[in-house]
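If you're matching them up, the sequences are chains A and B in order.
Numbers given in the numbering used here equal positions in the first sequence, counted from 1, plus 1.
Numbers given in the numbering used here equal positions in the second sequence, counted from 1, plus 1.
Beta carbons: idealized from backbone N, C-alpha and C, even for Gly.
In this text, all values refer to a predicted model and were calculated from it rather than measured experimentally.
Accompanying notes for the structure given below.
Protein chains: 2
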Amino acid sequence: MGYRDEVESAFTHNVKQNNPDYKPIAVILSYFCNDFSSTTNHMSLITVGTMAFDAIETPFGKVDQIVGGSATYVAYSASQFVSPINQISIIGYDFPSEELEAMKKRDIHMEGVEVVPDKKSFFWSGKYHLDMNSRDTLVTDLNVLADFNPVVPESYQSSEFLMLGNLMPKLQMSVIDQMKTRPKLIVMDTMNFWMDVAMDDLKEVLKKVDVLLVNDAEARQLSGEISLVKAARIIMDMGPAFLIIKKGEHGALLFHKNHVFFAPALPLEEVFDPTGAGDTFAGGFIGHIAKTKDISFENMKRAIIVGSALASFCVEKFGPERLKEISKADIDARIQEFVQLVNFDIDLG
Amino acid sequence: MGYRDEVESAFTHNVKQNNPDYKPIAVILSYFCNDFSSTTNHMSLITVGTMAFDAIETPFGKVDQIVGGSATYVAYSASQFVSPINQISIIGYDFPSEELEAMKKRDIHMEGVEVVPDKKSFFWSGKYHLDMNSRDTLVTDLNVLADFNPVVPESYQSSEFLMLGNLMPKLQMSVIDQMKTRPKLIVMDTMNFWMDVAMDDLKEVLKKVDVLLVNDAEARQLSGEISLVKAARIIMDMGPAFLIIKKGEHGALLFHKNHVFFAPALPLEEVFDPTGAGDTFAGGFIGHIAKTKDISFENMKRAIIVGSALASFCVEKFGPERLKEISKADIDARIQEFVQLVNFDIDLG
Numbered sequence: 002m003g004y005r006d007e008v009e010s011a012f013t014h015n016v017k018q019n020n021p022d023y024k025p026i027a028v029i030l031s032y033f034c035n036d037f038s039s040t041t042n043h044m045s046l047i048t049v050g051t052m053a054f055d056a057i058e059t060p061f062g063k064v065d066q067i068v069g070g071s072a073t074y075v076a077y078s079a080s081q082f083v084s085p086i087n088q089i090s091i092i093g094y095d096f097p098s099e100e101l102e103a104m105k106k107r108d109i110h111m112e113g114v115e116v117v118p119d120k121k122s123f124f125w126s127g128k129y130h131l132d133m134n135s136r137d138t139l140v141t142d143l144n145v146l147a148d149f150n151p152v153v154p155e156s157y158q159s160s161e162f163l164m165l166g167n168l169m170p171k172l173q174m175s176v177i178d179q180m181k182t183r184p185k186l187i188v189m190d191t192m193n194f195w196m197d198v199a200m201d202d203l204k205e206v207l208k209k210v211d212v213l214l215v216n217d218a219e220a221r222q223l224s225g226e227i228s229l230v231k232a233a234r235i236i237m238d239m240g241p242a243f244l245i246i247k248k249g250e251h252g253a254l255l256f257h258k259n260h261v262f263f264a265p266a267l268p269l270e271e272v273f274d275p276t277g278a279g280d281t282f283a284g285g286f287i288g289h290i291a292k293t294k295d296i297s298f299e300n301m302k303r304a305i306i307v308g309s310a311l312a313s314f315c316v317e318k319f320g321p322e323r324l325k326e327i328s329k330a331d332i333d334a335r336i337q338e339f340v341q342l343v344n345f346d347i348d349l350g
Numbered sequence: 002m003g004y005r006d007e008v009e010s011a012f013t014h015n016v017k018q019n020n021p022d023y024k025p026i027a028v029i030l031s032y033f034c035n036d037f038s039s040t041t042n043h044m045s046l047i048t049v050g051t052m053a054f055d056a057i058e059t060p061f062g063k064v065d066q067i068v069g070g071s072a073t074y075v076a077y078s079a080s081q082f083v084s085p086i087n088q089i090s091i092i093g094y095d096f097p098s099e100e101l102e103a104m105k106k107r108d109i110h111m112e113g114v115e116v117v118p119d120k121k122s123f124f125w126s127g128k129y130h131l132d133m134n135s136r137d138t139l140v141t142d143l144n145v146l147a148d149f150n151p152v153v154p155e156s157y158q159s160s161e162f163l164m165l166g167n168l169m170p171k172l173q174m175s176v177i178d179q180m181k182t183r184p185k186l187i188v189m190d191t192m193n194f195w196m197d198v199a200m201d202d203l204k205e206v207l208k209k210v211d212v213l214l215v216n217d218a219e220a221r222q223l224s225g226e227i228s229l230v231k232a233a234r235i236i237m238d239m240g241p242a243f244l245i246i247k248k249g250e251h252g253a254l255l256f257h258k259n260h261v262f263f264a265p266a267l268p269l270e271e272v273f274d275p276t277g278a279g280d281t282f283a284g285g286f287i288g289h290i291a292k293t294k295d296i297s298f299e300n301m302k303r304a305i306i307v308g309s310a311l312a313s314f315c316v317e318k319f320g321p322e323r324l325k326e327i328s329k330a331d332i333d334a335r336i337q338e339f340v341q342l343v344n345f346d347i348d349l350g
């Protein structure tokens with residue numbers, strides 16, 4: 002029990018007895034302990050996805066083996082805002098123990114991460130084209146991923162927020178089914194591959210989630226509509242009340258009922274390695290929401306700006322390295338750049 | 002001499018004699034006569050470009066002959082904000098007199114439009130692909146355009162603003178050279194074709210203009226840089242203090258020194274015909290600036306939103322038809338949609 006928990010417990014005990022207008026102490030404390038509360042929410046976040054090795058070639062360089070995977074990027078990104086992160090994944094004997102230690106130091110819990118002693122971790126290799134918007138997959142070695150059967154530990158059951166990283170839809174569904182209490186918000190990522198090979202399963206999961214993340218091509222494939230506005234309506238009819246369409250360097254759109262919000266990507270001088278940018282965006286998005294515990298459309302707008310800011314750091318170096326270096330001040334400064342980028346003041350007179 | 006001119010003349014005469022802090026009456030009147038001043042600025046705008054026929058095929062329909070041309074779209078768009086528009090172009094015997102009358106009714110002056118009695122107007126034919134982002138040019142009949150030698154009439158010489166539509170760079174330069182007083186702002190459009198066949202001439206014009214409008218591919222071609230941020234720096238070093246990079250459905254970027262502003266395109270349910278959207282954007286941009294007489298970066302942000310709003314109407318019907326129907330209330334409502342689209346409120350705490 003840390004300092005804050007102790008204060009909270011003692012305070013709550015007293016206040017509850019004397020005050021009919023009792024509010025959870027976390028709300029009050031957050032006014033005084035802003036920095037502290039930003040990393041120590043009582044309720045937590047489950048992230049499900051891959052922890053892997055990547056080999057990446059871009060016009061700016063090449064790495065043969067670097068830590069990657071959707072849940073790795075989501076966790077590093079979300080841990081900037083919320084704690085603990087309850088990780089669910091699978092790794093082989095070769096996943097570096099230093100990386101696991103670095104994640105544990107950020108209060109990323111590993112109880113839900115299965116370690117397979119006689120197999121290698123998932124491996125992906127890709128090469129980016131000159132424009133950095135498209136890439137070719139060179140190698141996909143499933144390794145441990147072929148046997149992945151995610152288990153939600155008892156200690157994760159109180160988690161209020163669930164981030165389903167890109168995975169086989171049946172596995173995403175299995176995680177939802179294992180939750181004893183329905184999370185306050187379920188966010189789901191997916192990709193075109195599952196639309197090609199498991200569309201029916203995918204549609205079943207869609208009925209159970211609140212927010213879907215896809216890119217523009219995937220939104221068109223899933224809906225069969227070229228117009229993104231029409232596509233959004235069709236996809237929201239499939240289940241998710243909120244839809245985020247990621248357009249890479251062209252920003253992201255958030256749809257909800259008949260509302261739409263657009264957040265640009267920051268125009269960057271150099272994009273060094275786009276790998277993980279989408280997962281980092283998702284981590285910043287769910288991290289901000291889990292921190293603020295506010296699932297309104299207005300707050301999701303802010304979460305998209307936060308996610309975009311985190312993604313803009315991710316692409317500055319190979320792998321998740323840059324995400325480990327940045328501070329709250331760095332993130333705030335980057336968010337301020339987004340405000341400047343789109344801020345205008347118009348008087349319709 | 003209209004009512005406002007009379008008031009202005011009398012007022013100026015009195016005030017100038019008694020007030021050492023004399024300010025042009027237009028500035029003062031604009032506080033009181035907002036609607037009036039929005040369409041009757043004393044100083045005016047020159048637009049140079051083509052007036053043409055187009056044949057267009059899109060996935061939604063086909064027209065064999067419709068009025069088009071860069072100066073047509075710019076003039077219809079800008080005339081929503083400023084008056085008169087001093088048009089410079091060339092047409093053949095076949096250009097419809099009803100169209101000329103409709104333009105004159107909007108105070109679009111035709112003294113600088115040469116009519117060639119024995120030749121046809123410029124003709125362009127194109128077919129859009131399914132995604133509406135790319136098109137094939139099927140026919141380009143220069144006709145009268147082959148002999149175009151723009152002349153700036155004496156009556157246009159007091160114009161404060163100059164919009165150089167996409168034309169052979171030598172012709173754009175000739176218009177600049179004919180101006181006895183350097184306009185307050187020169188905005189220039191161009192295209193990849195001139196970069197292929199007349200790059201040296203184009204670079205000479207760039208030295209003389211304040212704002213350049215290009216699309217993202219053209220910015221890359223002109224600068225030899227893939228990164229738009231780096232491309233912008235290189236292009237601004239060539240002359241223009243402001244650079245607008247249009248990205249079609251992905252919005253537009255405004256660069257100035259080390260500042261950047263991003264305006265999205267409105268996510269539309271249907272894009273019926275994108276022809277003229279870029280010129281309509283340019284017309285709204287320069288129209289707003291000519292109306293407000295404010296060439297600051299802050300006001301250019303507003304001008305980009307106004308241009309984007311006008312462009313979003315243009316694509317709703319074939320040709321410039323939609324631009325003729327819309328009212329100030331329609332435009333204000335559309336601008337309000339842009340405000341909603343990007344508006345967020347973030348507290349860095």
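If I measure Cβ to Cβ from residue i and keep anything under 6 Å in the same chain, skipping five residues before and after, which residues do I get?
{"i": "residue 269 of chain B", "result": "none"}
{"i": "residue 189 of chain B", "result": "165, 210, 213"}
{"i": "residue 29 of chain A", "result": "Residue placement at residue 29 of chain A is poorly supported in this model, since its pLDDT is 30, which falls under 50; the coordinates are not used for a value here."}
{"i": "residue 34 of chain A", "result": "Its pLDDT being 33, under 50, residue 34 of chain A is placed unreliably by the model, and nothing is read from it."}
{"i": "residue 304 of chain B", "result": "286, 289, 290"}
Tell me, to the nearest whole angstrom, how far the beta carbon of residue i is from that of residue j; I am working on the premise that it is less than 8 Å.
{"i": "residue 90 of chain A", "j": "residue 72 of chain A", "result": "5 Å"}
{"i": "residue 203 of chain B", "j": "residue 195 of chain B", "result": "5 Å"}
{"i": "residue 249 of chain B", "j": "residue 283 of chain B", "result": "14 Å between Cβ atoms; not a contact."}
{"i": "residue 151 of chain A", "j": "residue 110 of chain A", "result": "That belief does not hold up - the Cβ atoms of residue 151 of chain A and residue 110 of chain A are roughly 14 Å apart, past 8 Å."}
For residue i, would you say it is in contact with chain B, using Cβ-to-Cβ distances shorter than 7 Å as the test?
{"i": "residue 251 of chain A", "result": "yes"}
{"i": "residue 321 of chain A", "result": "no"}
{"i": "residue 345 of chain A", "result": "yes"}
{"i": "residue 302 of chain A", "result": "yes"}
{"i": "residue 324 of chain A", "result": "no"}
{"i": "residue 270 of chain A", "result": "yes"}
{"i": "residue 261 of chain A", "result": "yes"}
{"i": "residue 265 of chain A", "result": "yes"}
{"i": "residue 188 of chain A", "result": "no"}
{"i": "residue 42 of chain A", "result": "With a pLDDT of 40 at residue 42 of chain A, under the threshold of 50, the modelled position of this residue cannot be trusted; read the value that follows with caution. No - not a single Cβ of chain B is within 7 Å of the one on residue 42 of chain A."}
{"i": "residue 306 of chain A", "result": "yes"}
Count the other CB atoms, across all protein chains shown, that sit within 10 Å of the CB of residue i; report buried if there are 16 or more and exposed otherwise.
{"i": "residue 81 of chain A", "result": "buried"}
{"i": "residue 122 of chain A", "result": "buried"}
{"i": "residue 170 of chain A", "result": "buried"}
{"i": "residue 36 of chain A", "result": "Legend: pLDDT at residue 36 of chain A = 38, less than 50; position of this residue unreliable, value from coordinates given subsequently. Residue 36 of chain A comes out exposed."}
{"i": "residue 94 of chain A", "result": "exposed"}
{"i": "residue 289 of chain A", "result": "buried"}
{"i": "residue 12 of chain A", "result": "The predicted position of residue 12 of chain A is uncertain, since its pLDDT is 34 and thus under 50; no value can be drawn from it."}
{"i": "residue 369 of chain A", "result": "Because chain A spans 2 through 350 in this model, residue 369 of chain A falls outside it and cannot be assessed."}
{"i": "residue 294 of chain B", "result": "buried"}
{"i": "residue 98 of chain A", "result": "exposed"}
{"i": "residue 313 of chain B", "result": "buried"}
{"i": "residue 141 of chain A", "result": "exposed"}
{"i": "residue 297 of chain B", "result": "exposed"}
{"i": "residue 311 of chain A", "result": "buried"}
Quick one: residues in its chain with C-beta nearer than 7 Å to the C-beta of residue i, no 5 flanking neighbours on either side, listed in chain order?
{"i": "residue 226 of chain A", "result": "232, 235"}
At the 7 Å Cβ level, is residue i part of the contact set with chain A, yes or no?
{"i": "residue 1 of chain B", "result": "Not covered by the structure: residue 1 of chain B. The range shown for chain B is 2 to 350."}
{"i": "residue 226 of chain B", "result": "no"}
{"i": "residue 342 of chain B", "result": "yes"}
{"i": "residue 215 of chain B", "result": "no"}
{"i": "residue 25 of chain B", "result": "The predicted model places residue 25 of chain B with a pLDDT of 36, which falls under 50 and marks its position as unreliable, so this point remains unresolved."}
{"i": "residue 296 of chain B", "result": "no"}
{"i": "residue 31 of chain B", "result": "Unreliable positioning characterises residue 31 of chain B in this predicted model, as indicated by a pLDDT of 32, which lies under 50. The coordinate reading is nonetheless provided below. No - not a single Cβ of chain A is within 7 Å of the one on residue 31 of chain B."}
To which residues of the same chain is residue i closer than 8 Å at the C-beta, ignoring the five residues directly before and after it?
{"i": "residue 129 of chain A", "result": "57, 58, 59, 60, 135, 136, 274, 275"}
Could you check whether the Cβ of residue i sits closer than 6 Å to any heavy atom belonging to the ligand COA?
{"i": "residue 246 of chain B", "result": "Among the components of this structure there are no ligands whatsoever, and the ligand COA is therefore not found."}
Quick check on residue i - is its C-beta less than 7 Å from some C-beta in chain D?
{"i": "residue 49 of chain B", "result": "You won't find chain D in this structure, because its protein chains are A and B."}
(request) Give the residues from the region 131-150 of chain B that approach chain A closer than 9 Å (Cβ to any Cβ), ordered along the chain. (result) Residues of the region 131-150 of chain B with a C-beta less than 9 Å from any C-beta of chain A: 131, 132, 133, listed in chain order.
(message) Residues of the region 88-107 of chain B in Cβ contact with chain A at a cutoff of 7 Å, in chain order, please.
(response) For the region 88-107 of chain B, which is checked against every Cβ of chain A, not one residue is closer than 7 Å.
(message) Residues of the region 229-246 of chain B in Cβ contact with chain A at a cutoff of 7 Å, in chain order, please.
(response) 229, 230, 231
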